[in-house]
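So the sequence lines, in the order shown, correspond to chains A and B.
Just so we're aligned, residue 1 is where the first sequence starts under our numbering, counting upward by one.
Just so we're aligned, residue 1001 is where the second sequence starts under our numbering, counting upward by one.
Cβ coordinates follow ideal geometry from the N, Cα and C atoms, glycine included.
Values in this document were obtained by computation on a predicted structure and should not be read as measured data.
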Amino acid sequence: EDQVTQSPEALRLQEGESSSLNCSYTVSGLRGLFWYRQDPGKGPEFLFTLYSAGEEKEKERLKATLTKKESFLHITAPKPEDSATYLCAVQAVTGANNLFFGTGTRLTVIP
Amino acid sequence: DVKVTQSSRYLVKRTGEKVFLECVQDMDHENMFWYRQDPGLGLRLIYFSYDVKMKEKGDIPEGYSVSREKKERFSLILESASTNQTSMYLCASRPPIRQGSYEQYFGPGTRLTVT
């Protein structure tokens, strides 16, 4: 059974304090792993797709990495505007067309 | 930029009412999806459509139906709304797989409350 587990559930950082969010996954053949950002009351905003172990993607203060079992979203020197819930999702090679989502990490960056 | 719009941001309906949620995308995407999002459960797929008039059930289709008469529009229908359908509803679309992209693009969501 496909499974995605994100940790921690919530994370509070001081502005400038770098950290990482974890996404562990179990899937019968990975087609892709996706990171989204979601602000309260809004739809998820696409950030990155990772397709194979060893791949890395960067965007401003965010860097996503992928291994065969997990992905990390590294946040370097975060700012208060980085506060949001970060969602991880996987799509399997076989089965339905949908993404299977984790429950997210709620990040709060304190000025 | 991909733009996915949903007809309402907030909606309040009574138990037993028939509810229509509309979603429109402007990128000529073939694949469209309806999810609901609940605290602690994440996003769960209700239905998806891979072409006009084509639909497939997702993980939680009970109590819902869908309609896709035009490529750009995908509607979610609650035949007889119940309080356990109070949730955030999210529509998404995805480029054709032949383009090599699998990411989905989401609309702003509709917060539905059934009283």
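For A:G16, no CB of chain B lies under 7 Å from its own CB, so it is not counted at the interface with that chain.
For the region 1085-1106 of chain B, residues whose beta-carbon sits nearer than 7 Å to a beta-carbon of chain A comprise L1090, Y1102, E1103, Q1104, Y1105, F1106. Three or more Cβ pairs drawn from the region 1089-1108 of chain B and the region 1013-1033 of chain B lie within less than 8 Å of each other, which places the two stretches in contact.
At a cut-off of 7 Å, the C-beta of A:T94 has no neighbouring C-beta in chain B. For B:P1061, not one C-beta of chain A is nearer than 7 Å to its own C-beta. CA-CA distance, A:L50 to A:G32, rounds to 6 Å. Under DSSP, B:Y1102 forms no beta bridge with any residue. As the crow flies, the alpha-carbon of B:E1062 is around 44 Å from that of A:Q14. Counting along the chain, B:Q1025 sits inside the beta strand (DSSP E) bounded by residues 1019-1025. Interface residue (Cβ-Cβ distance to chain B less than 7 Å): A:K68 is not classified as such. When B:Q1006, B:S1007, B:V1019, B:S1008 are compared, the shortest CA-CA separation from B:S1080 is found for B:V1019. Boundaries of the beta strand (DSSP E) harbouring B:S1087: 1087-1094, taken from the DSSP string. Rounded to the nearest whole angstrom, the CA to CA distance from A:S83 to A:S28 is 32 Å. Under DSSP, the beta-bridge partners assigned to B:R1111 are B:Y1010, B:M1088.
Boundaries of the beta strand (DSSP E) around A:R37: 30-38. Nearest to B:R1044 by alpha-carbon distance, out of A:F101, A:T105, A:F48, A:S71, is A:F101. Within 10 angstroms of the beta-carbon of A:V109 lie 16 or more other beta-carbons, which makes it buried. Interface annotation for the region 1034-1050 of chain B against chain A: Y1035, Q1037, P1039, G1040, L1041, G1042, L1043, R1044, L1045, F1048, Y1050, criterion Cβ-Cβ distance under 9 Å.
The residue among A:K68, A:K42, A:L11, A:F46 with its C-alpha nearest the C-alpha of A:C88 is A:F46. Contact check for B:K1055 against B:Y1047 passes: the beta carbons are separated by less than 7 Å.
The C-beta of B:A1092 has 16 or more other C-beta atoms within 10 Å across all chains shown, which makes the residue buried. R31, G32, F34: these are the residues of the region 17-38 of chain A whose beta carbon lies less than 7 Å from some beta carbon of chain B, given in chain order.
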